[in-house]
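K.L.:
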Amino acid sequence: MHPTFNEIHQLLINLLDSPVIDVIHVGSTVFNETGVLDVLVIVPSLHAMTTLDEKRLNQAGFYRLHHPYHKKCVFSQFNSLTSLDEKCRLLIVEENSKKAALYLESQHMLEQSRELRNQFKDYKTGISHLIKKDYESAKSDWFRMNIANKR
Numbered sequence: 001m002h003p004t005f006n007e008i009h010q011l012l013i014n015l016l017d018s019p020v021i022d023v024i025h026v027g028s029t030v031f032n033e034t035g036v037l038d039v040l041v042i043v044p045s046l047h048a049m050t051t052l053d054e055k056r057l058n059q060a061g062f063y064r065l066h067h068p069y070h071k072k073c074v075f076s077q078f079n080s081l082t083s084l085d086e087k088c089r090l091l092i093v094e095e096n097s098k099k100a101a102l103y104l105e106s107q108h109m110l111e112q113s114r115e116l117r118n119q120f121k122d123y124k125t126g127i128s129h130l131i132k133k134d135y136e137s138a139k140s141d142w143f144r145m146n147i148a149n150k151r
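Going letter by letter, the sequence shown gives residues 1 to 151 in the working numbering.
Structure follows, in structure tokens:
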């Protein structure tokens, strides 16, 4: 069963030792679509995410994804550790960073434009056959071309 945003919000506020500035529901599940629950977590510094925080997240079923993310940490909660089918993803970014601003602006643009949301949904459907790494890369490319360059 997928967690709700409110459940994840409460968990993060109560769990992490480092100061969490904000916890924001982002991504397509905001619009009642199915998929991975994406949660933007804003912290003062990525270095504030200590080993203890990572252990606490592990205890809550979140595991750090270790591949090249630029200026963010990503933790996932899985339906199954065998299939690595994700149910929730934490996107941890620094406050006042370009990465945080881009996430917030992208979410705002998707909230304001049903046409843009539908374009993104159609694009994701068209790339759903890709392996996870290529799928995530293609989604990032779409955002870069359709949102970041429209600012």
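Virtual Cβ for every residue (Gly too), placed ideally from N, Cα, C.
The model shown is predicted, which means the values in this text are computed figures rather than measured ones.
Less than 7 Å separating the beta-carbons of V36 and R89?
P.N.:
Indexing the sequence shown from 1 puts residue 36 at position 36. Indexing the sequence shown from 1 puts residue 89 at position 89. Result yes, Cβ atoms of V36 and R89 sit closer than 7 Å.
K.L.:
Which class does L16 belong to by DSSP, given the choice of helix, strand or coil?
P.N.:
Looking up residue 16 in the sequence shown gives position 16. Coil.
K.L.:
Select from S97, S128, I131 and Q119 the residue whose C-alpha is nearest the C-alpha of M145.
P.N.:
Your numbering for residue 145 matches position 145 in the sequence shown. Cα-wise, what sits closest to M145 is Q119.
K.L.:
Alpha carbons only, please: which of L57, D38 and G27 is nearest the one belonging to N14?
P.N.:
To locate residue 14, count along the sequence shown from 1; it is residue 14. The shortest Cα separation from N14 among L57, D38 and G27 belongs to L57.
K.L.:
Would the segment 131-143 and the segment 44-57 be scored as touching if the rule is three or more Cβ pairs under 8 Å?
P.N.:
No: the two stretches stay apart, fewer than three of their Cβ pairs being nearer than 8 Å.
K.L.:
I need the DSSP call for H108, collapsed to helix, strand or coil.
P.N.:
The count along the sequence shown starts at 1 and reaches residue 108 at position 108. Correct three-state label for H108: helix.
K.L.:
Using DSSP's beta-bridge definition, name the partner residues of H25.
P.N.:
Residue 25 sits at position 25 when you count from the first residue of the sequence shown. In DSSP, H25 forms a bridge with V39.
K.L.:
Taking Cβ positions, are K87 and N96 nearer each other than 7 Å?
P.N.:
Working through the sequence shown from its first residue, we reach residue 87 at position 87. Working through the sequence shown from its first residue, we reach residue 96 at position 96. No, Cβ-Cβ distance for K87 and N96 is not below 7 Å.
K.L.:
Nearest to E7 by alpha carbon, out of V20, E33 and V39?
P.N.:
Within the sequence shown, the letter at position 7 stands for residue 7. For E7, the nearest C-alpha among the options comes from V39.
K.L.:
Could you check what DSSP says for E54 in three-state terms: helix, strand or coil?
P.N.:
Residue mapping note: residue 54 aligns to position 54 of the sequence shown, counting from 1. In this structure, E54 counts as helix in the three-state DSSP scheme.
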